[in-house]
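>
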Amino acid sequence: MKSEILAIACVAVSLRSIVSLYSFSGFDSPPMYGDYEAQRHWQEVTINLEPGQWYTNSSDNDLQYWGLDYPPLTAHHSYLIGRIAESIDPRFIELHKSRGFQSRLHKSFMRLTVLTGDILIYLPAILGVCICIDKSFQSKSLLFSFMLFAAYPGQVLIDNGHFQYNNVSLGLAAAAIAAILHGKQYIAAFAFTLALNYKQMELYHSIPFFTYILGECLAANSLRLFAVKLGITATIVLATFCLLWYPWSGSLHAVAEVLHRLFPLGRTVFEDKVSNFWCSLNIIWKLKQHVLNNHMALVCLAFTLISALPTNITLYRKRCKMGFLLSLFNTAIAFFLFSFQVHEKTILLAALPSLCLLTWWPNEIILFLEMSVFTMLPLLQRDGLLVPSLECVLIYHLICQCFYSETRPSSGQKAFLYISKICLIVIVGASLIIKAPSRYPDLWPLITSVIGCAYLAFFLLWGNFQHLTCKGEAL
Amino acid sequence: MILKKDCFWQLVGISTGLKILLIPANHSTDFEVHRNWLAITHSLPLNRWYFEDTSEWTLDYPPFFAYFEWLLSQVARFVDPRMLIVENLNYESKATLYFQRLSVTAMDLIYVLGVRSCLSALGVVKGSQQFFAGSLLLLLNVGLIFVDHIHFQYNGFMFGILLLSISALIRQRFLWSAFTFAVLLNFKHIFLYLAPPFGVYLLRFYCLEQANVKGGSFWRSLFKLLAVGLAPFVVSFGPFWNQLPQIMSRLFPFNRGLTHAYWAPNIWALYNTADKVAANVLKTASAGPSTTSGLVQQIDHSVLPTITPSMTFGLTIVFMLPILLKLFKSSKKQSPLMFLRAVVLCACSSFMFGWHVHEKAILMCLIPLSLLTLVNREDARYAYILGIAGYFSLFPLLFDIDLYVPRYSFYLSYMGFIAIPLYEHIISRLLGLHIRLPFMPLLLTSTYSALGVVYFFGRYYLYAMGVSWPKVAAPKATATYSSSAKRKRKTK
Chain A
1 MKSEILAIAC
11 VAVSLRSIVS
21 LYSFSGFDSP
31 PMYGDYEAQR
41 HWQEVTINLE
51 PGQWYTNSSD
61 NDLQYWGLDY
71 PPLTAHHSYL
81 IGRIAESIDP
91 RFIELHKSRG
101 FQSRLHKSFM
111 RLTVLTGDIL
121 IYLPAILGVC
131 ICIDKSFQSK
141 SLLFSFMLFA
151 AYPGQVLIDN
161 GHFQYNNVSL
171 GLAAAAIAAI
181 LHGKQYIAAF
191 AFTLALNYKQ
201 MELYHSIPFF
211 TYILGECLAA
221 NSLRLFAVKL
231 GITATIVLAT
241 FCLLWYPWSG
251 SLHAVAEVLH
261 RLFPLGRTVF
271 EDKVSNFWCS
281 LNIIWKLKQH
291 VLNNHMALVC
301 LAFTLISALP
311 TNITLYRKRC
321 KMGFLLSLFN
331 TAIAFFLFSF
341 QVHEKTILLA
351 ALPSLCLLTW
361 WPNEIILFLE
371 MSVFTMLPLL
381 QRDGLLVPSL
391 ECVLIYHLIC
401 QCFYSETRPS
411 SGQKAFLYIS
421 KICLIVIVGA
431 SLIIKAPSRY
441 PDLWPLITSV
451 IGCAYLAFFL
461 LWGNFQHLTC
471 KGEAL
Chain B
1 MILKKDCFWQ
11 LVGISTGLKI
21 LLIPANHSTD
31 FEVHRNWLAI
41 THSLPLNRWY
51 FEDTSEWTLD
61 YPPFFAYFEW
71 LLSQVARFVD
81 PRMLIVENLN
91 YESKATLYFQ
101 RLSVTAMDLI
111 YVLGVRSCLS
121 ALGVVKGSQQ
131 FFAGSLLLLL
141 NVGLIFVDHI
151 HFQYNGFMFG
161 ILLLSISALI
171 RQRFLWSAFT
181 FAVLLNFKHI
191 FLYLAPPFGV
201 YLLRFYCLEQ
211 ANVKGGSFWR
221 SLFKLLAVGL
231 APFVVSFGPF
241 WNQLPQIMSR
251 LFPFNRGLTH
261 AYWAPNIWAL
271 YNTADKVAAN
281 VLKTASAGPS
291 TTSGLVQQID
301 HSVLPTITPS
311 MTFGLTIVFM
321 LPILLKLFKS
331 SKKQSPLMFL
341 RAVVLCACSS
351 FMFGWHVHEK
361 AILMCLIPLS
371 LLTLVNREDA
381 RYAYILGIAG
391 YFSLFPLLFD
401 IDLYVPRYSF
411 YLSYMGFIAI
421 PLYEHIISRL
431 LGLHIRLPFM
441 PLLLTSTYSA
451 LGVVYFFGRY
461 YLYAMGVSWP
471 KVAAPKATAT
481 YSSSAKRKRK
491 TK
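In the order they appear, the protein sequences are chains A and B. For the first sequence, UniProt numbering assigns the number 1 to the initial residue and increments by one for each residue that follows. For the second sequence, UniProt numbering assigns the number 1 to the initial residue and increments by one for each residue that follows.
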């Protein structure tokens, strides 16, 4: 068994290292470049400036040019990588002069840092999740779920192709999920706080974690035990926060400045074409003309909370591990559909919990996973990653086909799956062959996002239905 | 979820996808070699093909391969005509890259057919564990991925023809087998090393056997065999009949050295190492270029006697003889198994003792051996030993910095095994040895692999000959190995 796990991990590393050979976001495209340059720029800023200055606009830190907009743990991580970069070649991170620095060696170096994140954090964490699922539910499909977890193309294409470090935040969140499944709520609280401090998008997962851990505390049979549990959890969370935010702890103003960077309410409700509700609504009802931007933020918040509420109430009332996973899935989709300032890549946050559900609903979840890559295709296409994206999805689909589940889907389900897959393939094919008319240059991304949105809405309903009818063993 | 055992075509799809993903991987000069051949065959008349030497990468494969390049060039015309100009040295447009890479992947369809045909010829039941393991081992063969899809060559389809020929032979379709093997020889003449087992088998179980059947005659069957076997040669070399000496000098360049620039892991690698050590101990000033200087040329040993081509051939033949004799004397029932073993051992003998052997030639051993793994557990154990050393020895082909991670992870996932001498990347860096002794990592890789291959060669030879040997591993361990190895590989 151990050697099989090792072999799967090696397959996962092979896949990632091959995708690393391809181009990345913002390759050779001055003046702004892309996410690759953003990450490099953060290394430059964190190495050359005092921590207190990282989030502050100054002559040495132009926030208009890829200013830091992720929480402190990302900044600390950038600092660490920056130190290594400095030891390899100081030109990589020279203040001001290194903007847009690109070379073969630098690319290899940056790719290796992502791969290190995969090997040290993401893969062990998802292995942990798979083992915990296997143990908690006696599902006996450890290898199957680890294989499909590790080879999920969305995360590989965004991290090792497009260039980001989602593997760190997703890995930490996965570790937290594993801890919950294993019944270790303090570890879960710690790991999740780290994840939240790596990317604020982890808020997508926060409500089920909060509900579950709170429920665990309330379930204590004496008031003293309740107070102890709650106290320890709170201490862990607050201490972690204090430690990570230490450089800005001097004044409230500094904290506010960082928070303003993390939640830029000044920006628009969505960027580019995202498969969420607001982007689809915008086609028929121009949001900008009807709603003020700061009102929009409140509307988004209300919609998000309302849509996430049912599943979390169910979780609170009937706490079970299966319910927790379903609730994570539902909440993440609700956030993706309705929250403010959503990016295409944040679909990965919904993909993580969906992968945990793979063992029970393989057909539906595989459709969901393939659909999630489909919604990111316009983005990947812009980065020159079309060929690896299609190949990775094809390989993933074929790997899934090598397995079969004992529960056969009904003919209705089967028809739905077939029609969905054909629909996705036709749209991808058409978008490659037929050129968009010059009046609507964004026609294909728009169609992609509307269809993606429809599927996500469907999966939100499906997930909620599954959760409501879930029998799962109460704890 | 349960693993489906009959997912041959899914595996074909996965391996094709993987190969297409590898398009941007750093390729070797062989890419330019093949581009140059496309240009030569497309733009020059037939009688100039083997004389053209604008590029240093002259055409040195037999005519069928040249015809094949000509056919490819007919398609390449529509992709990017500039790749077909002989003077356009080192031309490498995006279209050229995609065209050449995809042509290798497309030609692998023949390999897929070969695998399918061999699996059914060996009687591996569809849907069984063995069938799955066999398809995995062969379709996702890490050696072929390294050599064809990263390094760049067209070995896949030639091994496909070899497998087709082997399967025809096992199915007792002797003439068809002889024909396909003759075709193969006209694609790449290195397969001549595998000709002895084919020759012996056909002579014994076709010509002599036929003589015993009523109405059959030895001479008539021999004549049929020769006619079928020589026909491809006539078609291939016919158009070049008046320039045969020139072709031969291209096909068999004996002015190259005993070992390749990078030493293939064979007996000569050990010999060279011993010579180096002896020279260092005796402090002899080395005359002429060093053996690891990277130039393809004649070298002289400083202490040990210099080896000549005729000595290497003598040794190769001497080591081939016993197993061929054993094959000749084997019973009809045992013969397919013995034949496969003879193929492996002849390939291995030539690899061990041949003149100017390339590290890639180890595939000629490894691929037939993968077939044996499915039939016999004991053979599977030997295949594993050779696999560890053999696939490892291909690493120097993937020298680009971006390929370090893929090569280890591919290898590990294929072998499902960690015991790599990490010297090359970790220890040598720590000691700073890579500056003082730059050849050290390569030398160690080849010496290490050579020891593994030599060990395999010795043990397997004795095993195949039926010489009893004090059992080293308990039989129980053997059994658990082969079942777990198969499970390991399914994860790939």
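For glycine and all other residues, C-beta sits at the position ideal for the given N, C-alpha and C.
#1: On the three-state DSSP scale, how would you describe residue 468(A)?
#2: Give me the residue from 15(A), 163(A), 59(A) with the minimum Cα distance to residue 36(A).
#3: So residue 391(B) and residue 243(B) are in contact, right, with Cβ under 8 Å, and what is the actual spacing, rounded?
#4: Take every Cβ of the stretch 224-234 of chain B, pair it with every Cβ of the stretch 361-379 of chain B, and state whether three or more of those distances are shorter than 8 Å.
#5: Strictly below 8 Å CB to CB, what residues from chain A border residue 99(B)?
#6: To the nearest whole angstrom, what separates the beta carbons of residue 33(B) and residue 57(B), a pair I think is in contact under 8 Å?
#7: Name the residue from 139(B), 356(B), 457(B) whose alpha carbon lies nearest to the alpha carbon of residue 307(B).
#8: Mapping the DSSP letters down to three states, classify residue 90(B) as helix, strand or coil.
#9: Give the residues from the stretch 372-406 of chain A that approach chain B closer than 8 Å (Cβ to any Cβ), ordered along the chain.
#10: With a cut-off of 8 Å on the beta carbons, I'd call residue 345(B) and residue 461(B) a contact; round off their distance for me.
#11: Should residue 194(A) and residue 73(A) be called a contact, given that it needs their Cβ atoms to be closer than 8 Å?
#12: Closest to residue 258(B) by C-alpha separation, out of 341(B), 403(B), 351(B), 179(B), would be which residue?
#13: In chain order, which alpha helix (DSSP H) runs of at least 4 residues are fully inside the stretch 25-110 of chain B?
#14: Is residue 248(B) buried or exposed, if buried means 16 or more other CB atoms sit within 10 Å of its CB?
#15: Our contact map puts residue 207(A) next to residue 314(A) with C-beta atoms below 8 Å; I'd like the distance itself, whole angstroms only.
#16: Which partner residues does residue 180(B) have in the DSSP bridge list?
#17: Pick out whichever of 115(A), 210(A), 149(A), 117(A) has its Cα sitting closest to the Cα of residue 131(A).
#18: Are residue 396(B) and residue 445(B) touching if we call contact CB-CB under 8 Å?
#19: Taking C-beta pairs closer than 7 Å, name the residues in chain B that residue 10(A) reaches, listed in chain order.
#20: Is there contact here, the stretch 16-24 of chain B with the stretch 389-399 of chain A, by at least three beta-carbon pairs under 8 Å?
#21: Suppose the cutoff is 8 Å on Cβ atoms and the five residues either side in sequence are ignored; what does the same chain contact list for residue 442(A) look like?
#22: Tell me, to the nearest whole angstrom, how far the beta carbon of residue 233(A) is from that of residue 217(A); I am working on the premise that it is less than 8 Å.
#23: Distance check for residue 248(A) and residue 57(A), CA to CA, integer angstroms please.
#24: Tell me where the alpha helix (DSSP H) around residue 158(B) begins and ends.
#25: Look up residue 467(B) in the DSSP assignment and say whether it is helix, strand or coil.
#26: Taking all protein chains shown into account, do 16 or more other C-beta atoms lie within 10 angstroms of the C-beta of residue 245(B), making it buried, or fewer, making it exposed?
#27: When every heavy atom of the ligand SAM is checked, does at least one fall within less than 7 Å of the C-beta of residue 257(A)?
#28: Along the alpha helix (DSSP H) that carries residue 405(A), what are the first and last residues, could you check?
#29: Reducing DSSP to helix, strand and coil, say where residue 223(B) ends up.
#30: In chain A, which residues lie with their C-beta within 9 Å of the C-beta of residue 79(B)?
#31: My output table needs one value for residue 249(A): the three-state DSSP class, helix, strand or coil.
#32: Touching or not, the stretch 295-314 of chain A and the stretch 332-352 of chain A, by the rule of three or more beta carbon pairs under 8 Å?
#33: Which residues of chain A have a Cβ atom closer than 9 Å to the Cβ of residue 13(B), listed in chain order?
#34: Say whether chain D places a C-beta atom closer than 8 Å to the C-beta of residue 182(B).
#35: Does the Cβ-Cβ distance between residue 83(B) and residue 39(B) come in under 8 Å?
#36: By the three-class DSSP mapping on this structure, what secondary structure does residue 268(A) have?
With the structure as the only source:
#1: helix
#2: 163(A)
#3: The Cβ separation is near 39 Å, so there is no contact.
#4: no
#5: In chain order: nothing, as chain A lies at least about 14 Å away.
#6: 4 Å
#7: 356(B)
#8: coil
#9: 387, 388, 391, 392, 394, 395, 398, 399, 401, 402, 403, 404, 405, 406
#10: 6 Å
#11: yes
#12: 351(B)
#13: 30-43, 63-79
#14: exposed
#15: Contact flag wrong, Cβ pair sits at about 12 Å.
#16: Answer by DSSP bridge pairing: none, since residue 180(B) is not bridged.
#17: 149(A)
#18: yes
#19: 409, 412, 413
#20: yes
#21: 273, 436
#22: 7 Å
#23: 15 Å
#24: 155-170
#25: coil
#26: exposed
#27: As for the ligand SAM, it is missing from this structure, which has no ligand bound.
#28: Per DSSP, residue 405(A) belongs to no alpha helix (DSSP H) and is neither H nor E.
#29: helix
#30: Under the 9 Å cutoff, chain A gives no residues; its nearest Cβ is about 16 Å from residue 79(B).
#31: coil
#32: yes
#33: 394, 395, 397, 398, 401
#34: The structure shown contains no chain D; the protein chains it does contain are A and B.
#35: yes
#36: coil
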